[in-house]
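Participant: Structure below; questions to follow.
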Amino acid sequence: MLANGSMAGLDAIVADEVVFRSPVAHTPYPGRAAIGLVLTTVNQVFQDFRYHRSFVSEDGHSVVLEFSAAVDGKALKGIDMIRFDDAGRIAEFEVMVRPRSGLEALAAAMGARLASQKDVLTGAA
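Going by full-length UniProt numbering, the first residue of the sequence shown is number 1, and it counts up by one from there.
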């Protein structure tokens, strides 16, 4: 979805109790609304986003996707670690990003856009 720039259909592939783990926040973001907001926002922030490699667990319930992008001129690389439930829906989505300069640019850009949406991110909405 990030690769093609569209979040259409996200609800259909995400479990009701999905958890998103951000590379900059200590507390996970629970729920469909939170993951939808985060992925829609990062889709606006990332420039030149590309997936490069993927790794799938033997049982098929987990994948790791390697990506690269830029944020405000800062290059970054990262991985999306995704775990699926028994129905094949995304149950957990964790992101890791490097180097620090790219992570800081991502944190600043996302923070500016999401500051007024904390209720959605915490599941209070």
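Beta carbons are placed, not taken as given, at the ideal position from N, Cα and C, and that holds for glycine.
Between residue 60 and the rest of its own chain, which residues show a CB-CB distance below 8 Å, the 5 nearest in sequence each way excluded?
Facilitator: 84.
Participant: Restricting to Cα atoms, I'd like to know which of 9, 26, 40 and 8 is closest to residue 117.
Facilitator: Checking every option, the nearest Cα to that of residue 117 belongs to 40.
Participant: Which residues in the same chain as residue 107 place their Cβ atom closer than 7 Å to its Cβ, once the five residues preceding and following it in sequence are excluded?
Facilitator: Result list for residue 107: 24, in chain order.
Participant: Thinking C-alpha only, which one of 80, 27 and 70 is nearest residue 100?
Facilitator: Among 80, 27 and 70, the Cα nearest to that of residue 100 is on 70.
Participant: How far does the alpha helix (DSSP H) with residue 101 in it reach, from first residue to last?
Facilitator: 100-114 is the extent of the alpha helix (DSSP H) around residue 101.
Participant: Taking only the alpha-carbon atoms, compute the straight-line gap between residue 66 and residue 52 and give it to the nearest angstrom.
Facilitator: In a straight line, the C-alpha of residue 66 is about 6 Å away from that of residue 52.
Participant: Beta-carbon within less than 7 Å of residue 14's beta-carbon, same chain only, minus the 5 sequence neighbours each way: which residues are those?
Facilitator: 32, 35, 89 and 90.
Participant: Examine chain B for any beta-carbon lying closer than 7 Å to the beta-carbon of residue 12, and answer yes or no.
Facilitator: Protein chains in the displayed structure number just one, and chain B is not present.
Participant: With DSSP run on the structure shown, which of helix, strand or coil describes residue 9?
Facilitator: If DSSP states are grouped into helix, strand and coil, residue 9 belongs with coil.
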